[in-house]
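Trainee: Could you have a look at this structure, given as structure tokens, before my questions?
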Amino acid sequence: MEAQRSDYSYTALDTTKREIRLLYLHPSCAKANTDSDSPSKDVANEESAPDEIYCTFSLASLDDYAKPELEHSSLTELKSEPFEALSYTWGDAKDTTLINLEGNRFPVTKNLHCALVNLRLPDKVRILWVDALCINQGNTNERSSQVAMMHLVYGKAWRVVVFLGESWEGCDMAMELITSLAADPTLHLDPAQERHVVVNGLDFFSEQMGYHLHFLLALPWWSRLWTVQEYAVADIVLFQCGQHLLDGAVFREHDRTRSSHLHCCRIPPHINKCIPLQLPFHDALDRAANLIMMGEDMTSLDLVKLISLTRNHECSDPRDKVYGMLGLASRAMVKHNCIQANYSQSVESVYTNLVTASIRDESSLDILSCVLSGHRNLTDLPTFVPDWSSTIPRYSANCLAYRRSILHSHFVYSASRNTFAELRITSSGLGESRGVFVDKVSTVIHIEEEPWASIFPQLQEVARIETRESPYASNLTAFWMTICGGTIRERSIPRPAEERDFSLYEKFEAWTRATNFLRLDDREVIDFIVQVQTNSAERSFIVTERGYIGMAPTRSAVGDSVVLLPGGKAAYILHPTSDFETSGHYEFLGDAYVHGIMKGEAWDETKLEPIVIV
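Under this note's numbering, the sequence shown is numbered contiguously, ending at residue 1643.
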């Protein structure tokens, strides 16, 4: 379908005043209030058909919207009129319908048209900020400037309206269930428990209610990238499906109730099987919970962690994988304006500049742990630069984000000791550094698709193989430390694994032999299992020529090098390139846990030699 053309011509904004456009959404002309003080009211009445969406613009400065302290002031004290910001999904850019904008035809997507129809008030103007209309999308400079201020726009709006789409049969019941859980945190999810939540005779685990709730949380808005920022910076949020409304505070309280009952109300497997949606029910719930977490914990989230957490969120422009998180990030590279939205740059430049800024500001190579060599779309991107445009399994994305958080726990890994990063990116896109070559891979066992119960005996057998010069006093200790990454998690908080934790491994081993062994109240074992699964995600089990064992990137192969780089807390796997092997050029595969070298045991500055990574 050919996109419809616009007759409207934008006037420039004054960037020195941080100027924005506000959208005045006029009521239905048949019900229009002639006393309205909105712009172009006469034109609205004369030129619009009764059911046509009619909008006008007004200019405002963000400087006039100093956020009022709710205890001491009110919206009436603002210098400009308060506005709501719309958060929605654009939909198919080619599937459009026309609205009347300042007396001109203007195409909007069907999704936006649906939102405007449902948000339009019957008797008065509604003042909104809508990105597709309030930003001149055809002007690259304005788009870059306005995108850089979007977190301020949504933060200064008196309310953010999240339009999820049209209502459907069961929408009201899903919202009522959420409201019930928010109102009474003692209500159980499990119908077998006394005092459990029930709506219209349906409990949380019923097939019909499961479908309604799942459908709500699987709507496209929850998977989009920009909506994360729009939700997270908002003071007040209102969810809307058609004409059905749900207070954002109520949704947060419902999530707290649900989370508090995870230990006693496990979601039964049949719910996933009976719901014909691609996104598993658990994932839908977790995605909503992650969104709430980011909204409540922004001050502790750096840019790279935010990008990692939202890796699978969708956006039409892959540069927005970075730009969409700038407004939430709290670290130096954003505060010092090292990374700014600039849509004249290529995707490869944006991603590479992020690596450069991260290494410079952190003096570490932590960002290299975000590289997944098995998931890459951009062929011209240096191998040591994460390809944020690639989609990876949701569970893998969560595991990678957690593994990176372990790197920030300085007491866990320090493979290169307290060194500073030396990696320099040349104008031709090569990475130059020095490094210590520790060993070469001799055995690889791929475990990605194998259940632990079937692969576990093979891993144990390989770990028992004695080499002429074994680096370990106990292969058994090395093995169980390797599969958990030398880390124990206690309620999601990582700490170094110790000898006293061997009992957890013994229980884990028993669990692999008999899956009905696990008891729901055995929290420590559950945490150990989750840690093993987290450490092995997107990884293979390796043995080196000198007998080291570890977990390395899935693409690791016999002959690859285990390397330590200055500023790196983990070990890294490098693959020699066919064209430049003799001159020391390598492909970067990713980070690795190699037992016995993660605390600096193999670091030797006298063995540093030049390395070039393509």
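Even glycine gets a Cβ: it sits at the ideal position worked out from N, Cα and C. Owing to the predicted nature of the structure, the values given are computational and were not obtained by experimental measurement.
Taking only beta-carbon atoms, is Ser1438 less than 8 Å away from chain B?
Mentor: Looking at the structure shown, chain B is missing, and only one protein chain is on hand.
Trainee: Determine the DSSP secondary structure at Gln1269, reduced to helix, strand or coil.
Mentor: Residue state, collapsed to three classes: strand.
Trainee: Tell me the DSSP bridge mates of Asp1468?
Mentor: For Asp1468, which the question treats as bridged, DSSP gives the partners Val1591.
Trainee: When you compare each of Ser1057, Glu1171, Leu1130 to Thr1045 by their alpha carbons, which one comes out closest?
Mentor: Minimum Cα distance to Thr1045 is reached at Glu1171.
Trainee: On the CB-based measure, 16 or more other CB atoms within 10 Å of its CB, does Ser1289 come out buried or exposed?
Mentor: Result: exposed.
Trainee: Just to confirm the assignment, what range does the alpha helix (DSSP H) spanning Ala1212 have?
Mentor: Taken as a continuous stretch (DSSP letters only), the alpha helix (DSSP H) holding Ala1212 covers 1200-1212.
Trainee: Could you name the residues of the same chain whose beta carbon sits closer than 8 Å to that of Thr1381, not counting the 5 residues immediately before and after it, in chain order?
Mentor: Closer than 8 Å at the Cβ level, and outside the excluded window around Thr1381, lie Leu1410, Pro1411, Val1414, Ile1454, Gly1458.
Trainee: Compute the Euclidean distance between the alpha carbons of Thr1286 and Asn1133, then round it to the nearest angstrom.
Mentor: Taking the straight line joining both Cα atoms gives about 49 Å.
Trainee: When the Cβ atoms of the region 1184-1192 are set against those of the region 1258-1268, are three or more pairs found closer than 8 Å?
Mentor: Verdict: yes, contact present.
Trainee: Using only the alpha-carbon positions, how far apart do Glu1282 and Asn1229 sit?
Mentor: Cα to Cα, Glu1282 sits roughly 21 Å from Asn1229.
Trainee: Since Pro1136 sits in a beta bridge, which residues does DSSP pair it with?
Mentor: Per DSSP, Leu1127.
Trainee: DSSP on Gly1194, reduced to helix/strand/coil?
Mentor: In this structure, Gly1194 counts as strand in the three-state DSSP scheme.
Trainee: Can you give the beta carbon distance from Asn1165 to Tyr1039, rounded, assuming they're within the 8 Å contact cut?
Mentor: Contact flag correct, Cβ pair sits at about 4 Å.
Trainee: Of all the alpha helix (DSSP H) runs that stay within the bounds of the region 1528-1576, which reach a length of 4 or more residues?
Mentor: DSSP runs (the alpha helix (DSSP H)) wholly in the region 1528-1576: 1531-1542, 1552-1565.
Trainee: Would you identify the three-state DSSP class for Pro1249, choosing helix, strand or coil?
Mentor: Helix at Pro1249.
Trainee: Among Met1179, Val1587, Pro1582, which one has its Cα closest to the Cα of Met1354?
Mentor: Of the candidates Met1179, Val1587, Pro1582, the one whose C-alpha sits nearest the C-alpha of Met1354 is Met1179.
Trainee: In chain order, what residues of the same chain have a beta carbon less than 6 Å from the beta carbon of Val1473, not counting five sequence neighbours either side?
Mentor: Taken in chain order, the residues that qualify are Ser1569, Ile1571, Ser1585.
Trainee: Between the C-alpha atoms of Asp1213 and Leu1274, what's the straight-line distance to the nearest angstrom?
Mentor: Using only the alpha carbons, I get a separation of about 19 Å.
Trainee: Given Asn1418, which residues of its chain have a CB within under 7 Å of its CB, disregarding the five upstream and five downstream residues?
Mentor: Just to set this straight, residue 1418 is Ser in the shown sequence, not Asn. Contacts found: Pro1347, Lys1350, Val1376, Asn1406, Leu1407.
Trainee: Measure the C-alpha to C-alpha separation of Asp1071 and Asp1201 and round it to an integer number of angstroms.
Mentor: Note that Asp1071 scores 44 on pLDDT, short of 50, meaning its location in the model is unreliable; the coordinates nonetheless yield the value given after this. Using only the alpha carbons, I get a separation of about 38 Å.
Trainee: Go through its chain and collect everything with a Cβ distance to Met1238's Cβ below 6 Å, but skip five positions before and after it.
Mentor: Counting only Cβ-Cβ distances below 6 Å, and skipping sequence neighbours, we find Leu1231.
Trainee: Measuring alpha carbon to alpha carbon, tell me which residue in Ala1177, Glu1259, Met1204, Arg1149 is nearest Ser1116.
Mentor: The residue with the shortest Cα to Cα distance from Ser1116 is Glu1259.
Trainee: Report the option in Asp1284, His1437, Gly1167, Cys1270 whose CA atom is closest to the CA atom of Ser1209.
Mentor: The residue with the shortest Cα to Cα distance from Ser1209 is Asp1284.
Trainee: If the criterion is Cβ atoms closer than 8 Å, does the pair Thr1339 and Val1257 meet it?
Mentor: Closer than 8 Å, so yes.
Trainee: May I ask you to report which of helix, strand or coil DSSP gives His1604?
Mentor: Residue state, collapsed to three classes: strand.
Trainee: Tell me which residues share the same chain as Ser1196 and place their Cβ nearer than 7 Å to its Cβ, disregarding the 5 neighbours each side in the sequence.
Mentor: Result list for Ser1196: Cys1270, Gly1271, Gln1272, His1273, in chain order.
Trainee: Look at the alpha carbon of Leu1216 and the alpha carbon of Ala1203, and state the distance between them as a whole number of angstroms.
Mentor: Distance between the alpha carbons of Leu1216 and Ala1203 is about 16 Å.
Trainee: Helix, strand or coil: how does DSSP classify Ala1361 here?
Mentor: Per-residue confidence for Ala1361 stands at a pLDDT of 49, beneath the threshold of 50, marking its modelled position as unreliable; the derived number appears in the next sentence. DSSP places Ala1361 in helix when its eight states are reduced to three.
Trainee: Check whether the Cβ atoms of Leu1335 and Ala1317 sit closer than 8 Å, and answer yes or no.
Mentor: No, they are not a contact pair.
Trainee: Taking just the CA atoms, how far does Ala1600 sit from Pro1500?
Mentor: Pro1500 and Ala1600: Cα-Cα distance of roughly 16 Å.
Trainee: What does the alpha-carbon distance come out to for the pair Arg1126 and Tyr1442?
Mentor: The identity of residue 1126 in the sequence shown is Thr, whereas the question assumes Arg. Distance between the alpha carbons of Thr1126 and Tyr1442 is about 56 Å.
Trainee: Using 8 Å as the cut-off, can you tell me whether the region 1458-1472 makes contact with the region 1424-1431, which would need three or more C-beta pairs spanning the two stretches below that distance?
Mentor: The answer is no - the region 1424-1431 does not touch the region 1458-1472, with fewer than three Cβ pairs under 8 Å.
Trainee: Anyone know if the C-beta pair for His1241 and Gly1194 falls short of 8 Å?
Mentor: Taking 8 Å as the Cβ cut-off, His1241 and Gly1194 do not qualify as a contacting pair.
Trainee: Say whether the region 1502-1514 touches the region 1635-1642, bearing in mind that this needs 3 or more beta-carbon pairs closer than 8 Å, one atom from each stretch.
Mentor: Touching, no.
Trainee: Using the C-alpha atoms, what's the distance from Leu1245 back to Tyr1037?
Mentor: In a straight line, the C-alpha of Tyr1037 is about 36 Å away from that of Leu1245.
Trainee: So, is Ile1368 buried or exposed, given that buried needs 16 or more other C-beta atoms within 10 angstroms?
Mentor: Buried is the call here.
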